[in-house]
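Take a look at the structure set out below.
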Ligand SMILES: [Ca+2]
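Residue numbers (our numbering): 4 to 470.
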């Protein structure tokens, strides 16, 4: 599924793993309110902790300029836009038709899909043919974001209140979905809420326009070319292109599926013959569950638990590659912060330590289902957000009990420097990108332990001189 652009709706995020990394944009999140076109936001944070600098303000300014340009439009600009439009239409007729034909798309479907197609000039990062792409600023001087603001309590409370209402209104449907797929209703509802504000977000861009524009002059042409072919396959299957509304990043309908995900995972849960993820709540929710189960959702398991890791137990044991049974974690003295026991059904099953802010924030033992949620949106914070929201919907629980410390004030360039040093010492820090992912965090923890420091498993300023 997908991804969207900068502004937005609060809470919508492109799903899907398929599109890999979504462009990160920081947005506000309150889906319930804002809804202007091209303002469909989707989730604010990409990856674990993207640089704060690449966010909304700059993009908002860019859009403003674009708007000014397009509305005040000098004759020269209008002429050059017209020239680009012309090239765009001949590219569709030549390149895209040739590719479509190869993919078994009929001329009739092709014509139906592209009737009235137009470049969507509001999309981000467009480079008309012949122009040089704008250079992306290096993020090294940016700070990375602290996780705390991602879990805005007001937003989560509103989403949870609404989520409980929707869960109760659709209780029967959700139990049918759970019976068929083994995915708990609260997880499905939490994703629905986070992605499109329970289907209330106005997502109004023409999918064909978005995909064709991005494939023609966006910064990830290959990806969108592939999605455009998938969208044509949808039209070939009889879907009305006028119904195919998506976000600026091509994520469609209430579950925010990219066309390739739609083809693989969308289901007709209400049995009327159409997989209508735009208008049918049963189809939208069934499709979310179908996606999760295809990605490996394990029935009868939670997403994870907030825990307390005793001071003597190393925080440098994070990651899906260091899974052990919940019983073994428990044997180390790790317990649920709620004071409850781990459910008996979970004890023999595997769990993974997760400390997104090292010792400076809430600590978790997550299950493989946590990583399945990340298939919807590849971010630890996104998956934690969904898990927390689902818990609130199911049991009216509140915020995580551990407090997020004010971490994240170091420069990415400093963290990158640490990563390089740690790597030289033989540690696997993952990607050297200035962001403290789990491999970096645990390498830091191991280095701190080996240096006789009390491990925080998080980049610390006082390490800079010593590493
Ligand atoms: Ca249907």
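Cβ coordinates follow ideal geometry from the N, Cα and C atoms, glycine included.
DSSP three-state assignment for residue i, whether helix, strand or coil
{"i": "residue 368", "result": "strand"}
{"i": "residue 272", "result": "coil"}
{"i": "residue 169", "result": "helix"}
{"i": "residue 318", "result": "coil"}
{"i": "residue 358", "result": "coil"}
{"i": "residue 153", "result": "helix"}
{"i": "residue 223", "result": "coil"}
{"i": "residue 183", "result": "helix"}
{"i": "residue 333", "result": "helix"}
{"i": "residue 338", "result": "strand"}
{"i": "residue 188", "result": "helix"}
{"i": "residue 248", "result": "strand"}
{"i": "residue 134", "result": "coil"}
{"i": "residue 195", "result": "helix"}
{"i": "residue 430", "result": "coil"}
{"i": "residue 462", "result": "coil"}
{"i": "residue 455", "result": "coil"}
{"i": "residue 127", "result": "coil"}
{"i": "residue 109", "result": "coil"}
{"i": "residue 203", "result": "coil"}
{"i": "residue 285", "result": "helix"}
{"i": "residue 290", "result": "helix"}
{"i": "residue 87", "result": "helix"}
Proximity below 9 Å, CB of residue i to CB of residue j
{"i": "residue 1", "j": "residue 206", "result": "As shown, the chain starts at 4 and ends at 470. That puts residue 1 outside it, with no answer to give."}
{"i": "residue 166", "j": "residue 189", "result": "yes"}
{"i": "residue 289", "j": "residue 180", "result": "yes"}
{"i": "residue 281", "j": "residue 229", "result": "no"}
{"i": "residue 253", "j": "residue 213", "result": "yes"}
{"i": "residue 437", "j": "residue 467", "result": "no"}
{"i": "residue 153", "j": "residue 384", "result": "yes"}
{"i": "residue 405", "j": "residue 448", "result": "no"}
{"i": "residue 373", "j": "residue 392", "result": "no"}
{"i": "residue 310", "j": "residue 116", "result": "no"}
{"i": "residue 108", "j": "residue 218", "result": "no"}
{"i": "residue 305", "j": "residue 346", "result": "yes"}
Residue i burial status per 10 Å Cβ neighbour count (16 or more: buried)
{"i": "residue 241", "result": "exposed"}
{"i": "residue 3", "result": "A query on residue 3 cannot be resolved here, the shown segment of the chain reaching from 4 to 470 and no further."}
{"i": "residue 255", "result": "buried"}
{"i": "residue 160", "result": "exposed"}
{"i": "residue 314", "result": "exposed"}
{"i": "residue 480", "result": "Residue 480 lies beyond the range of the chain shown here (4 to 470); nothing can be said about it."}
{"i": "residue 453", "result": "exposed"}
{"i": "residue 127", "result": "buried"}
{"i": "residue 450", "result": "buried"}
{"i": "residue 106", "result": "exposed"}
{"i": "residue 342", "result": "exposed"}
{"i": "residue 245", "result": "exposed"}
{"i": "residue 286", "result": "buried"}
{"i": "residue 440", "result": "buried"}
{"i": "residue 399", "result": "exposed"}
{"i": "residue 163", "result": "buried"}
{"i": "residue 121", "result": "exposed"}
{"i": "residue 220", "result": "buried"}
{"i": "residue 455", "result": "exposed"}
{"i": "residue 321", "result": "buried"}
{"i": "residue 279", "result": "buried"}
{"i": "residue 85", "result": "exposed"}
{"i": "residue 395", "result": "buried"}
{"i": "residue 36", "result": "Here the model assigns residue 36 a pLDDT of 30, short of 50, so the residue's position is not dependable, and the following value carries that caveat. So residue 36 ends up on the exposed side."}
Neighbour flag for residue i against chain D, beta carbons, 9 Å
{"i": "residue 372", "result": "The chain labelled as chain D is not found in the depicted structure, where only one protein chain is given."}
Near ligand 1: residue i beta-carbon under 8 Å from a heavy atom
{"i": "residue 353", "result": "no"}
{"i": "residue 272", "result": "yes"}
{"i": "residue 183", "result": "no"}
{"i": "residue 256", "result": "no"}
{"i": "residue 164", "result": "no"}
{"i": "residue 293", "result": "no"}
{"i": "residue 346", "result": "no"}
{"i": "residue 283", "result": "yes"}
{"i": "residue 406", "result": "no"}
{"i": "residue 275", "result": "yes"}
{"i": "residue 104", "result": "no"}
{"i": "residue 243", "result": "no"}
{"i": "residue 286", "result": "yes"}
{"i": "residue 465", "result": "no"}
{"i": "residue 279", "result": "yes"}
Beta-bridge partners of residue i, as assigned by DSSP
{"i": "residue 210", "result": "Its beta-bridge partners do not exist; DSSP assigns none."}
{"i": "residue 328", "result": "353"}
{"i": "residue 260", "result": "255"}
{"i": "residue 445", "result": "The partner list for residue 445 (beta bridge, DSSP) is empty, contrary to what the question assumes."}
{"i": "residue 307", "result": "369"}
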